C-alpha cells in the first residue's frame, strides 16, 4: 500500500505548504488540492534517492488538466517536476516517479500567489516562465478604449497576448513592426475597445522563452 507522511488536505490560501510523501512502486500517491478564486498555485516535487518525479493534476470530472515531467532551469535539465495552475476548484494531485517503479522520498512544495490584476493606469513587471503562458485579471470598471503594451526584457522574445471573456477570445494582439518604434518589433502594442467587466488576459511567447515582461494599460489617445 502506498504510504504518505504528513498527510493533509492542501487548502491553498495565502501561504506555502510542504508535504513529504513516500513512493513505493505501488501507483501514484493521491493528494487532494483546493485552489481558491484568483489564485496561482506552483507545485514542485523534489525527489530524493534519485527519484525522477512526475506530477499530474486531475479535476473532479477525472480529467487531466496539468502534467509535468522534466523542466529546464537556466538551460539545464532538472528532473524535479513542477506544474502551475490557476483555475479554481477541487483537484487530486498524483505524485509518481517517471518509470512508475522507483521508490524513495518526494517533498512537495506548494506555493500560492494571488493572480496579478491589471487596471487602467497600471504598470506591472512580471515573470513569463518558460513553456507557460502568463495569466492576469484584466479589470475594467467602465467601457474603455485602452492601449495595452507588453515589452520583454529579452530582445529575442516574441510576445503574443489575448483577452478572454467566458472562455471566448474577444481581443488578440501579436507583435508588429513599427517604423516609429523599431524596438517594438517583438513586443505587443495594441488598442482594444472593451466594455466594463473582468477578463482573463494571457501573455505568451512564440518561442516559449522565459523573460521579464513589463505590461501597461492606458487610455488610448
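In the numbering used here, the protein residues as written are 160 to 380.
Using N, Cα and C, we set each Cβ at its ideal position, and we do this for glycine too.
Given the structure is predicted, the values throughout are model-derived calculations rather than measurements.
Using a Cβ distance threshold of 7 Å, residue 228 and residue 206 do not count as a contacting pair. Assignment of residue 277 by DSSP, reduced to helix, strand and coil, places it in the strand class. Here residue 202 is not near residue 247, since their CB atoms are 7 Å or more apart. Burial state of residue 355 is exposed, judged by a 10 Å Cβ sphere holding fewer than 16 other Cβ atoms.
Taking every protein chain shown into account, the CB of residue 309 has 16 or more other CB atoms within 10 angstroms, so this residue is buried. With respect to the 7 Å criterion, residue 197 and residue 274 are classified as neighbours on the basis of their beta carbons. Rounded to whole angstroms, the Cβ separation of residue 350 and residue 278 is 17 Å, and the two are not in contact under 8 Å. Sequence-distant Cβ neighbours of residue 361 in its own chain, meaning closer than 6 Å and more than five residues away, are 292, 294 and 321. Secondary structure note for residue 307: its beta strand (DSSP E) is the uninterrupted segment 303–311.
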